[in-house]
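Colleague: As you go down the protein sequences, you meet chains Z, P and A in turn.
The first sequence begins at -12 in our numbering and counts up one residue at a time.
The second sequence begins at -14 in our numbering and counts up one residue at a time.
The third sequence begins at 3 in our numbering and counts up one residue at a time.
Heads up, the beta-carbon is just placed ideally off N, CA and C, and yes, glycines get one too.
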Amino acid sequence: MVLATYVRDLEAPKLPPPSNLKSIRHHLRENYFSSLGSGAMTVVLGSLLLWLAWRIVGFAIIDAVWTGTSSEACVSTDGTVIGACWPVVSQKFGQWIYGFYPVAERWRINICAVAFVAGLVPMLTPSVPYKMVNVVYLLVVFPLAAFVLLTGGNFDLSPGSYAGVVCLALLVAASLPLLIFGVDEGTSRNSLGLALAGAAFILWGASFISQVDFTVFGVSLDSGLLSVASGCVSLWVILSDSVGRRSRALRFWSVGIVALLASMLLLDIDFGLVPVETAQWGGLTVTLVVSITGIAASLPLGILLALGRQSNMPAIRIMSVGFIEFVRGVPLITVLFMASVMLPLFLPPGMNFDKLLRALVGVALFSSAYMAEVVRGGLQAVPKGQYEGATALGLSYWQMMAKIILPQALKISIPNIVSNFIVLFKDTTLVLIIGLFDLLAMAQTGLRDAAWASPVTASTGYLAIALIYWAFCFSMSRYAIYTERRLHTGHKR
Amino acid sequence: MKKRILNLAVALGAALLASTQVSASTLDDVKQKGFLQCGVSQGVAGFSIPDAEGKWTGFDVDICRAVAAAIFNDPTKVKFTPLSAKDRFTALQSGEIDLLSRTTTWTMSRDTAMGFMFPATTYYDGQGFMVRKSLGVDSALKLDGAAVCAATGTTTELNLADYFKAHGMKYQGVAIEDSTQLRQAYDEGRCDVLTTEQSILYSQRSSLKQPDDHVVLPEIVSKEPLGPMVRQGDIGWFNIVKWTAFAMLNAEELGITQANVEEMKASTNPEIQRVLGVKNADGTAPGFGPGIGLDEQWAAFIVKGVGNYSEIFERNLGAQSPLKVKRGVNALWKDGGFQYAPPIR
Amino acid sequence: MQALAVVVLLFLFFEVTQNMRSNLSRMNQDFGFAFLSKSAGFDIVQALVPYSTGSSYSRALFVGFLNTLLISALCIVAATFLGFLVGVMRLSKNRLAAGVATLYIEFFRNVPVLLQIFVWYSLVILQILPAPKNALAVFDIAYLSNRGMIMPLPIFGEGAIYGLVGLVSAIVGGLALVFWANYRQNSTGKPFPKFWGSLGLVIVFPFCGLALAGFPITFDVPVRTAFSFSGGLVVVPELMALFLALSIYYATYIAEAVRAGIQAVNHGQTEAAHALGLTRGQTLRKVVIPQAMRVVVPPLISIYLGITKASSLAVAIGYPDLIAIGGTVLNQTGKAIELVSIWMVIYLCISLIMSSLMNWFNNRMKLVER
């Protein structure tokens, strides 16, 4: 009754029999001229498209200038139309890619790029095996090597920082017996080590808050010495037990500390590379450094935040939700401003972050909030039975997450993660507002060069970098679609 | 589990604690780092501009180099941080840079409430206006109704408002942060007038597409004493920067140049001997350098490294530069200018 | 573990405030918002409320806030229209239309919006549009040049209140008409052109109201001056560039959301509507889009929020939005912490208000449709 007037009360006129379905004429009629409106649209859009294509081809190819050494080549003297001024691009291309990086040192960036691609391509190709090795290469080996190569390494770490790391590792060792023997037995076996560690912590906290070194009978107490003692006691407890000697926790711990010290040593060694400060970095290099580190840092952070948001511990949940909603509620630019003008005021005097590093922190924190929401979507899409099954098997929370839930959740959210990466990549352009020279900023600087001043310089340059950005984003979005299709075959939900 | 989190906290705290140990004086910091970190503008020809290899040149840049030379006897031991007008103060506040040398005007609020100090005026400037010749304007008083480009957050933006208000004129202010963007906006016709310090106007004009199509109007509408700036609370550092500037003026006054500084050390003029830190006949040193924590020959290092005031001026702004700015009020007091340095004694 | 997390957080907070205090005291700075009442001294190119160089910093920030709201609202409206158009076009049976829509989406979505803003601003508006002397004139009352769009500004004199009364009564009447039309359609099945009907009311009533008062509207028509124009309503070029770039960029996202929404509607619904004899347009308007809206609204919320946040890119071309003016104030006062907090609080409030409004709308629609 509601739609009574929409129902026909007359029989529709009979349609003529269909013509040859395969003819071009039929194809045209069906897809382009099926009705008067459709035909008009085809004509209007078609002519618009042709006009646009003609203008673009005219600008970029037919009227374009291909050779020249200065702006004179691109300035019309006799009234002819001048299209794109491509020599500008070829002249400035090096600067767009490498920024102010010393020309003699550009090979270092090239090596990094090659090493990255060599790690990324097998990572993204589903059929290539050894994914775990690949991950370690991409997340540990490559960043370290690239860091040393790009900055020049040779950081002159003081012996104190080695000692500090060893102290901290020994302090961590105090918790190993708890992991190996269980909380109760571990506490009773290693009561001395734990007590020493606790004392170290309290002493450190107290001296930190009061800014005073504590002395007992004229001898200054030191949290570092206490943590060394605690670590030694704990290690002795572990090593004196055959179960302890063969435990995985001990193995992980020793691999961890060796890796940490090795990477510190790597940063410390003088490879004879000329140091290049980050102020000289620029162009596509900075764009890629910011986006790749942003991506690499935001994924684990985002996973932790998503888990925190799903957690049943109220304090953790509130903190995660607070952080996520706060960051998602403000523009990236305010976060970057915060990192560039406010962060220095929050740090202890004398402690300074590099400008690029501050931008990196800002970008990573910002995008981790968005990543958290994507991962949360994935977590929610995992059927509840999976959680229940894992719990029923007696798995701990972290075991359940690492072995059952996250692999499924991340797999489901890969397309969204990639589109998040695309957004992040485009958003790296905002760092120019806080004075970093990314690709866009570098291009703008180059285009203002008085030696290349011509009416078409800016349009040529903008067209070229738009194409560079477009190529990156478009290929990423194609990859997202590809994985989406591939994943759909198995468990389409 | 709990223990692990605890340890994380300890690690974090220890890292912070380790970094809080900081020396009290900027000079010690700089000496320990091995270089001076100096804030400059992002690209104003004549004052501070990087070339294609990222090497900085300019008047403000040379002030930084002079301070580095005074400390290290090496004018290259300085790193430059290009800063926008907006970033400059926080960069200095936060300790990211040790010294700001970025065409910054000495004003009362900056010198007091904002927590900075101006050691010296290295360049006496005044705000001016630049217009297209085709507009046929010959005086700033005929600018009623014009669109004016100015850099945001600078004194020029405030002076602009005052000037137009005082003369009952209206204008449309276009505020842009970055000096190259400012120039571009003016060049592309976003505004009729570009206003900033007059010296920088000449610099900006030299970088326009058609410099000859533009004219700088005669009016100077404000006092703009430009100079380096340091944080409040470190008088020692303040004095080093102040006397670096004065040493360059004294050197000019005494005719000590980059070329003749070594010969001048043999001079018998006691004034020159004091400036160059030459030992007296009885073997006693004048002791001015050590008095501010520097080498005895600190002033000689400055002149050897970058030259005296006149050399820096002429090289970057004056006759030897494309800008061809005249000394004018920046001449020495002896020649009728304002530049007057207290004596080194 | 929770307790420890709280302790760590508190510790960090303590550490940060402690550092901040020592840093500020080292520089003879203090923390506080008293500076907001001092006079700003700088001029703002576009102010929706009265503002002069003598106004206070807080007034200046308020002007910026309104400008942020203005640009966001304009872009949201334009992007929504364009996005729906392109989204529907992409699913059109006409292959050329679908192709053009795809081309549009794939190009504009994959180029950073900041780059697009620069292109619109410095390439299109400043370079292609003529200087004020050769401005494109419409009947010599409105002009388009690289100084922006200048139009006659209506000034309402005494008696214009009748027009307002007319408008209010038209809105009330229009709502009543829609209500009645829905009721009649529900009971008799006869549709009524409620959109055109209420649009007519909204036009006719205020017109009558103004006619009664003898048209007390005068126009401030821009006049040419030595430099450009004076008087009139000026749309500054920065606003134009930002509007074009943001609308075109975000329309691609809206188009994709609309497409996903329409595709989510079961094909059977379309077929049933066709079988009932509804035309394609009717099917789209009355069957597909209402159902698609349920899927479209949630992403639409985040896109609208994205537009509001992206309006902060105004600072890159000097449009005086909240961030740009805040930056100027920061520069003159050095109050970094205070200003960044003001920015964040205001944006958080805008985000919260918008997302709760849209969630309310979303919930309401769900209830009605089910």
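1. Find out if the Cβ-Cβ distance for the pair G289(Z), A359(Z) is shorter than 8 Å.
2. Can you give the beta carbon distance from G336(A) to M99(P), rounded, assuming they're within the 8 Å contact cut?
3. Quick one: does P239(A) have its CB under 8 Å from some CB of chain P?
4. Could you have a look at Q6(P) and say whether DSSP puts it in helix, strand or coil?
5. The alpha helix (DSSP H) spanning P292(A) covers which residue range?
6. Using the C-alpha atoms, what's the distance from P300(A) back to S358(A)?
7. Does DSSP put L(-7)(P) in a helix, a strand or coil?
8. Would you say the segment 308 to 323 of chain A touches the segment 62 to 78 of chain A, given that touching needs at least three Cβ pairs under 8 Å?
9. Quick one: which residues of the segment 131 to 161 of chain A get their C-beta closer than 7 Å to a C-beta of chain P? List them in chain order.
10. Run the CB neighbour count on S449(Z), radius 10 Å, all protein chains shown included, and call it buried at 16 or more, exposed below.
11. Could you list which residues in chain A have their beta carbon closer than 8 Å to that of T321(Z), in chain order?
12. Need the endpoints of the alpha helix (DSSP H) that E264(Z) sits in, please.
13. For G322(P), is the beta carbon positioned less than 7 Å from some heavy atom of the ligand MN?
14. Taking just the CA atoms, how far does G349(Z) sit from M325(Z)?
15. Using 10 angstroms around the beta-carbon of K(-12)(P), count the other beta-carbons present and answer buried if the total reaches 16, otherwise exposed.
16. Quick one: grab the DSSP three-state call for T470(Z).
17. Which term fits S200(A), buried or exposed, when burial requires 16 or more other beta carbons within 10 angstroms of its beta carbon?
18. Closest Cβ-Cβ distance between I205(A) and chain Z: below 8 Å?
19. Among Y374(Z), L253(Z) and A(-1)(Z), which has the Cα closest to the Cα of A133(Z)?
20. Where are the alpha helix (DSSP H) runs, 4 residues long or more, that stay fully inside the segment 49 to 103 of chain Z, in chain order?
21. Using a Cβ-Cβ cut-off of 8 Å, state whether I161(P) counts as contacting chain A.
22. In the DSSP assignment, what are the bridge partners of W41(P)?
23. By the 10 Å Cβ neighbour count, where 16 or more other Cβ atoms means buried, how is V127(Z) classified, buried or exposed?
24. What is the rounded straight-line gap between the Cα of K443(Z) and the Cα of L427(Z)?
25. Need the endpoints of the alpha helix (DSSP H) that A100(A) sits in, please.
26. With distance defined between alpha-carbon atoms, name the residue in V115(Z), A105(Z), A100(Z) and L222(Z) nearest to G173(Z).
27. Applying the 10 Å Cβ sphere with the 16-neighbour rule, what's the burial state of R473(Z)?
28. Buried or exposed: G328(A), going by 16 or more other Cβ atoms within 10 Å of its Cβ?
29. Are there 16 or more other CB atoms within 10 angstroms of the CB of I320(Z), so buried, or fewer, so exposed?
30. Spell out a yes or no on whether the segment 159 to 170 of chain A and the segment 126 to 146 of chain A are touching, meaning 3 or more CB-CB pairs, one atom from each, closer than 8 Å.
31. When the distance is taken between beta carbons, is R259(P) closer than 8 Å to I329(P)?
32. Just list the alpha helix (DSSP H) runs in the segment 130 to 215 of chain Z, keeping only unbroken ones of 4 residues or longer that don't cross its boundaries, in chain order.
33. Alpha carbon to alpha carbon, what distance is there between F15(A) and A(-6)(P)?
34. For G211(A) versus G165(A), is the C-beta distance shorter than 8 Å?
35. I need the DSSP call for F408(Z), collapsed to helix, strand or coil.
36. Would you tell me roughly how many angstroms separate the C-alpha atoms of A257(A) and S406(Z), rounded to the nearest one?
Modeller: Reading off the structure:
1. Going by beta carbons, G289(Z) and A359(Z) fall inside the 8 Å limit.
2. Rounded, the Cβ-Cβ distance is 5 Å, consistent with contact.
3. Yes, its Cβ sits closer than 8 Å to a Cβ of chain P.
4. In this prediction, Q6(P) has a pLDDT of 40, which is less than 50 and means its spatial position is unreliable; what the coordinates show is noted afterwards. If DSSP states are grouped into helix, strand and coil, Q6(P) belongs with coil.
5. Bounds of the alpha helix (DSSP H) holding P292(A) are I291 to A312.
6. Straight-line Cα distance between these residues: approximately 12 Å.
7. For L(-7)(P), the predicted model reports a pLDDT of 41, less than 50, meaning its position is unreliable; a value from the coordinates is still stated below. L(-7)(P): helix per DSSP, three-state reduction.
8. Note that the segment 308 to 323 of chain A touches the segment 62 to 78 of chain A; at least 3 beta-carbon pairs, one per stretch, sit closer than 8 Å.
9. Listed by position along the chain: A133, N148 and R149.
10. For the sequence presented, residue 449(Z) should be read as Tyr rather than Ser. Buried, since its Cβ has 16 or more Cβ neighbours within 10 Å.
11. In chain order: S314, I325, V342, W345, M346 and Y349.
12. Looking at the DSSP string, E264(Z) is not in any alpha helix (DSSP H), and its letter there is neither H nor E.
13. This structure lacks the ligand MN, and indeed carries no ligand of any kind.
14. Approximately 8 Å, taken between the alpha carbons.
15. Residue confidence for K(-12)(P) is low, a pLDDT of 38 falling below 50, so the modelled location carries little weight and cannot support an answer.
16. T470(Z) falls in the helix class under three-state DSSP.
17. With 16 or more neighbouring CB atoms inside 10 Å of its own CB, S200(A) falls in the buried class.
18. Not a single C-beta of chain Z is nearer than 8 Å to the C-beta of I205(A).
19. Shortest Cα-Cα distance from A133(Z) to any of Y374(Z), L253(Z) and A(-1)(Z) involves L253(Z).
20. Counting whole runs of 4 or more residues, the segment 49 to 103 of chain Z contains the alpha helix (DSSP H) stretches 73 to 85.
21. The beta carbon of I161(P) sits closer than 8 Å to some beta carbon of chain A.
22. DSSP, once it has assigned bridges, lists P35(P) as partnering W41(P).
23. Taking every protein chain shown into account, the CB of V127(Z) has fewer than 16 other CB atoms within 10 angstroms, so this residue is exposed.
24. The identity of residue 443(Z) in the sequence shown is Val, whereas the question assumes Lys. One C-alpha to the other measures close to 17 Å.
25. That run of the alpha helix (DSSP H) goes R97 to R111.
26. Relative to the Cα of G173(Z), the nearest Cα in the group V115(Z), A105(Z), A100(Z) and L222(Z) belongs to L222(Z).
27. Result: exposed.
28. G328(A) is buried by the Cβ-count criterion.
29. I320(Z) comes out buried.
30. Short answer: they don't touch.
31. Cβ distance < 8 Å, so I329(P) and R259(P) count as in contact.
32. Within the segment 130 to 215 of chain Z, the complete alpha helix (DSSP H) runs of at least 4 residues are 146 to 160, 163 to 168, 170 to 176 and 178 to 197.
33. Bear in mind that the predicted position of A(-6)(P) carries a pLDDT of just 42, short of 50, making it unreliable; the figure below should be weighed with that in mind. C-alpha separation (whole angstroms): 13 Å.
34. In this structure, G165(A) lies closer than 8 Å to G211(A) by Cβ.
35. It is helical.
36. Roughly 16 Å between the two C-alpha positions.
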